[in-house]
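Structure first, then comments.
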Amino acid sequence: MKIENIIQKGVEAALAELYDFTPVANQIQIQNTRKDLDGDITIVVFPFLRVSKKSPEQTGEEIGIFIQQNVDVVNSFNVIKGFLNLEITKNYWIDSLLDAYTNENFGISSEGENPNTVMVEYSSPNTNKPLHLGHIRNNLLGFSISEILKANGNKVVKTNIVNDRGIHICKSMYAWQKWGNGKTPENSGIKGDHLVGEFYVEFDKHYKAEIAELVEKGLSKEDAENQAPSILAARELLLKWEAKDDETLNLWKTMNTWVYDGFEITYKKLGVDFDKIYYESETYLVGKKEVLRGLKKGIFYQKDDNSVWADLTNEKLDQKILLRSDGTSVYMTQDIGTAKMRFEDYSINEMIYVVGNEQNYHFQVLAVLLDKLGYKWGKDLYHFSYGMVELPSGKMKSREGKVVDADDLVEDMIKVARNVANELGKLESLSDSEAAETHRMIALGALKYFILKVDPKKNMLFNPEESIDFNGNTGPFIQYTYARIQSVLRKAAEKNISIHKNISVETISAKEKDLLKRVSLYPSIVNEAANNHSPAVIANYCFELVKEYNQFYHDHYIIGETDEEIRNLRLILSSTVASVIKKGMNLLGIEMPERM
RNA sequence: GCCUUGGUAGCUCAGUUGGAUAGAGCAACUGCCUUCUAAGCAGUAGGUCAUGGGUUCGAAUCCCGUCCAGGGUACCA
Numbered sequence: 002m003k004i005e006n007i008i009q010k011g012v013e014a015a016l017a018e019l020y021d022f023t024p025v026a027n028q029i030q031i032q033n034t035r036k037d038l039d040g041d042i043t044i045v046v047f048p049f050l051r052v053s054k055k056s057p058e059q060t061g062e063e064i065g066i067f068i069q070q071n072v073d074v075v076n077s078f079n080v081i082k083g084f085l086n087l088e089i090t091k092n093y094w095i096d097s098l099l100d101a102y103t104n105e106n107f108g109i110s111s112e113g114e115n116p117n118t119v120m121v122e123y124s125s126p127n128t129n130k131p132l133h134l135g136h137i138r139n140n141l142l143g144f145s146i147s148e149i150l151k152a153n154g155n156k157v158v159k160t161n162i163v164n165d166r167g168i169h170i171c172k173s174m175y176a177w178q179k180w181g182n183g184k185t186p187e188n189s190g191i192k193g194d195h196l197v198g199e200f201y202v203e204f205d206k207h208y209k210a211e212i213a214e215l216v217e218k219g220l221s222k223e224d225a226e227n228q229a230p231s232i233l234a235a236r237e238l239l240l241k242w243e244a245k246d247d248e249t250l251n252l253w254k255t256m257n258t259w260v261y262d263g264f265e266i267t268y269k270k271l272g273v274d275f276d277k278i279y280y281e282s283e284t285y286l287v288g289k290k291e292v293l294r295g296l297k298k299g300i301f302y303q304k305d306d307n308s309v310w311a312d313l314t315n316e317k318l319d320q321k322i323l324l325r326s327d328g329t330s331v332y333m334t335q336d337i338g339t340a341k342m343r344f345e346d347y348s349i350n351e352m353i354y355v356v357g358n359e360q361n362y363h364f365q366v367l368a369v370l371l372d373k374l375g376y377k378w379g380k381d382l383y384h385f386s387y388g389m390v391e392l393p394s395g396k397m398k399s400r401e402g403k404v405v406d407a408d409d410l411v412e413d414m415i416k417v418a419r420n421v422a423n424e425l426g427k428l429e430s431l432s433d434s435e436a437a438e439t440h441r442m443i444a445l446g447a448l449k450y451f452i453l454k455v456d457p458k459k460n461m462l463f464n465p466e467e468s469i470d471f472n473g474n475t476g477p478f479i480q481y482t483y484a485r486i487q488s489v490l491r492k493a494a495e496k497n498i499s500i501h502k503n504i505s506v507e508t509i510s511a512k513e514k515d516l517l518k519r520v521s522l523y524p525s526i527v528n529e530a531a532n533n534h535s536p537a538v539i540a541n542y543c544f545e546l547v548k549e550y551n552q553f554y555h556d557h558y559i560i561g562e563t564d565e566e567i568r569n570l571r572l573i574l575s576s577t578v579a580s581v582i583k584k585g586m587n588l589l590g591i592e593m594p595e596r597m
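For what it's worth, our numbering labels the leading residue of the first sequence as 2, then goes sequentially.
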């Protein structure tokens with residue numbers, strides 16, 4: 002049983018016995034004792050003063066005596082101000098270590114008879130440009146939260162909605178037709194998604210110039226934006242596309258294929274994957290049908306220009322457009338269709354959308370719309386709303402080419418990792434391919450950790466010049482510690498030192514105990530990460546664990562220890578720490594090298 | 001304007017449902033490699049938790065006001 006639960010029961014018994022008092026939920030506050038004080042577990046006694054009618058010190062003393070006498074695992078106690086600090090027996094901690102050491106699934110809840118099916122949508126790229134740093138955050142969060150939910154016993158379906166149609170791709174298509182000169186990934190040597198992205202930027206350049214020209218001629222900005230030749234041409238392409246015009250469809254297919262080939266490479270590099278991919282081109286008609294059904298039922302209304310709207314003023318939201326006056330569908334239309342299809346395809350208990358916080362409003366509206374359309378799961382959808390990645394110069398803008406490109410970033414990171422490794426003279430014993438593989442792991446470890454250690458809800462700053470480091474609170478620091486432990490375990494094996502599970506030591510040192518305690522926290526951390534939808538919880542835990550291990554490593558001999566029992570304990574401890582690091586970092590999608 | 005999120009060390013970030021003296025990393029300075037990986041360990045310095053009130057045994061955390069910043073706000077996604 003977890004130590005918190007044991008103590009909880011003990012305090013309940015104490016309160017009943019001493020003060021004839023039954024506490025309500027959360028009245029018993031159990032926390033870890035501050036490091037600079039004696040004890041392991043601390044109980045806050047302030048909430049009980051009302052029933053004890055005594056001073057904090059006296060109350061703590063009374064409860065402490067009771068618990069010491071009645072709870073086996075409590076060795077001793079002390080009271081400081083209003084805090085009752087309990088010291089837990091050495092044997093309890095050793096048992097908890099053995100549990101972690103022997104249990105391969107330590108920290109993983111087994112799936113129940115009927116595990117919850119959670120669908121996680123993430124990535125969801127538009128097919129008009131390559132992935133950038135913002136997408137990286139999305140992909141890493143989506144992948145990680147999926148892994149975390151799995152570890153908590155859920156059945157997870159990772160999904161991706163590829164926004165492969167719409168005005169954005171028409172812009173790239175038009176630009177390619179007009180200024181492309183038959184350029185292809187093959188004849189230009191440019192990765193497909195990057196090539197299409199170039200035309201998106203090209204479009205915007207011309208579009209902006211046209212607007213400026215029209216404004217010069219005296220048009221209002223709004224009119225100019227709507228009358229520029231480029232945008233008219235792109236809109237015409239969209240209409241042709243929806244009318245299934247052959248030439249348009251062919252170009253669309255060709256350019257999308259270029260993009261998918263490019264995305265696949267990037268996804269692979271990032272180590273993310275999907276169980277089911279939906280394409281907007283296959284879902285938007287379902288959405289359109291739903292909107293028309295809603296219109297018929299009188300849930301939505303039509304304006305004179307034929308556009309279809311939802312009036313959400315009763316829900317304290319706005320009027321929302323669902324179909325444009327020319328009949329084409331918008332972003333919301335396809336999301337309705339996609340949701341419908343997903344719930345038909347899978348028996349989903351929980352739907353999570355990993356989408357940036359700039360779309361908070363969109364998902365509030367989507368939930369209401371689905372609800373209005375009669376889907377009972379509509380208002381239960383969960384928008385995993387994460388913050389933006391900002392550059393020192395501000396927000397990234399694809400159209401202006403002001404982005405940190407995902408592929409470039411990964412390549413740069415690998416280069417830096419290689420340079421650092423060479424400077425330090427590491428990896429010299431490895432073959433070239435092994436070394437390259439390790440550089441890749443370290444580079445991605447640095448990048449992934451950097452992004453995932455931040456609270457997802459918050460905006461974060463990425464400074465290309467100085468953000469990625471390999472020392473301190475970083476992925477490589479954690480990987481380094483893992484590799485270090487592996488090295489120790491290898492050396493132990495070389496010396497034919499075997500590990501046995503009968504730990505018998507007189508005492509354990511303070512550092513050893515700190516480490517043990519940290520290890521035993523892991524399962525509840527995995528739980529917390531799922532409840533808070535936060536990979537950052539795992540990242541921060543791993544950092545704390547590793548920091549403590551390095552202190553332990555610095556202060557204690559392991560193989561060099563002459564007392565065989567102590568040496569055995571330290572080997573078990575080291576091995577367990579390594580395995581917890583690996584498990585935890587795996588939940589973040591970060592691999593651990595054996596040497597570095 | 002309205003809605004919404006945030007403001008913690010020079011910089012990047014932690015800080016559990018309100019708890020003890022607010023923590024890390026980077027950058028700066030100082031020590032520690034003839035014994036298991038120095039991508040490490042230890043130390044120094046750095047704070048009016050934006051700001052003013054309130055709630056209470058106790059507030060970075062909860063409530064109200066103000067300032068500043070990000071995001072959203074009806075035919076972009």
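The beta carbon of each residue, even a glycine, is placed where N, CA and C say it ideally should be.
Going by beta carbon distance, what residues of the same chain come within less than 8 Å of residue 378, once the five residues before and after it are set aside?
344, 349, 352 and 371
Can you find at least 3 beta carbon pairs, one from the segment 557-577 and one from the segment 505-516, that sit closer than 8 Å?
yes
Pick from 391, 320, 393 and 189 that is closest to residue 365, judged by C-alpha positions:
320
Apart from the five residues just before and just after residue 296, which ones in its own chain have a Cβ nearer than 8 Å to its Cβ?
302, 303 and 309
Helix, strand or coil: which one does DSSP assign to residue 487?
helix
Residue 174 lies in the beta strand (DSSP E); which residues open and close that run?
That residue, residue 174, is in no beta strand (DSSP E); its alpha helix (DSSP H) goes 168-180.
Would residue 164 and residue 124 qualify as a contact pair, given that the criterion is a beta-carbon distance under 7 Å?
no
What residue range is occupied by the uninterrupted alpha helix (DSSP H) comprising residue 268?
247-271
For residue 148, which residues in the same chain have their Cβ closer than 6 Å to its Cβ, ignoring the five residues on either side in sequence?
588
Pairing CB atoms from the segment 574-592 with CB atoms from the segment 517-527, are three or more of them under 8 Å?
yes
Where does residue 91 fall in DSSP's three states?
helix
Bridge partners - residue 227, DSSP secondary structure assignment
DSSP lists no partner for residue 227.
Does the beta-carbon distance from residue 489 to residue 559 come in below 7 Å?
yes
Hey, quick one: how far does the alpha helix (DSSP H) through residue 385 stretch, first residue to last?
Unbroken run through residue 385 is the beta strand (DSSP E), 383-387; no alpha helix (DSSP H).
Just to confirm the assignment: which complete alpha helix (DSSP H) runs, minimum length 4, are found wholly within the segment 464-552?
476-495, 511-521 and 523-532
Rounded C-alpha distance that separates residue 387 from residue 139:
8 Å
Is it true that the segment 434-454 meets the segment 471-488, where meeting means three or more beta-carbon pairs spaced less than 8 Å apart?
yes
Are the beta-carbon atoms belonging to residue 578 and residue 523 less than 7 Å from one another?
no
Which runs of the alpha helix (DSSP H), 4 residues or longer, sit entirely within the segment 371-437?
407-425
Under the three-state reduction of DSSP, which class applies to residue 451: helix, strand or coil?
helix
Whole runs of the beta strand (DSSP E) within the segment 26-114, excluding any shorter than 3 residues:
31-33, 42-45, 75-81 and 84-89
Would you kindly report the start and end of the unbroken alpha helix (DSSP H) that includes residue 574?
565-588
Counting only runs that start and end within the segment 275-313, where is the alpha helix (DSSP H) found for 4 or more residues in a row?
281-298
Residue 505 to residue 146, Cα distance in whole Å?
40 Å
Select from 24, 458, 97 and 120 the residue whose C-alpha is nearest the C-alpha of residue 536.
458
Whole angstroms are fine: how far does the CA of residue 597 sit from the CA of residue 42?
37 Å
Going by DSSP in three states, residue 462 sits in which element: helix, strand or coil?
strand
Spatial neighbours of residue 384 within its chain, please: C-beta separation below 6 Å, excluding the five flanking residues on both sides.
354 and 364
Ends of the beta strand (DSSP E) at residue 162?
156-163
Just checking my contact of residue 600 with residue 31 at CB under 8 Å: how many whole Å lie between their CB atoms?
Outside the shown range of the chain (2 to 597) lies residue 600, about which nothing can therefore be said.
Could you compute how far the alpha carbon of residue 91 sits from the alpha carbon of residue 142?
38 Å
Residue 428 and residue 369 - do their beta-carbons sit closer together than 7 Å?
no
Which value, in whole angstroms, describes the spacing of the CA atoms of residue 409 and residue 156?
34 Å
Contact between the segment 275-284 and the segment 199-207: three or more CB pairs below 8 Å?
no
Please return the same chain residues whose Cβ sits closer than 7 Å to the Cβ of residue 553, not counting the five positions on each side in sequence.
512, 513 and 516
Looking at the structure shown, is residue 183 part of a helix, part of a strand, or coil, going by DSSP?
coil
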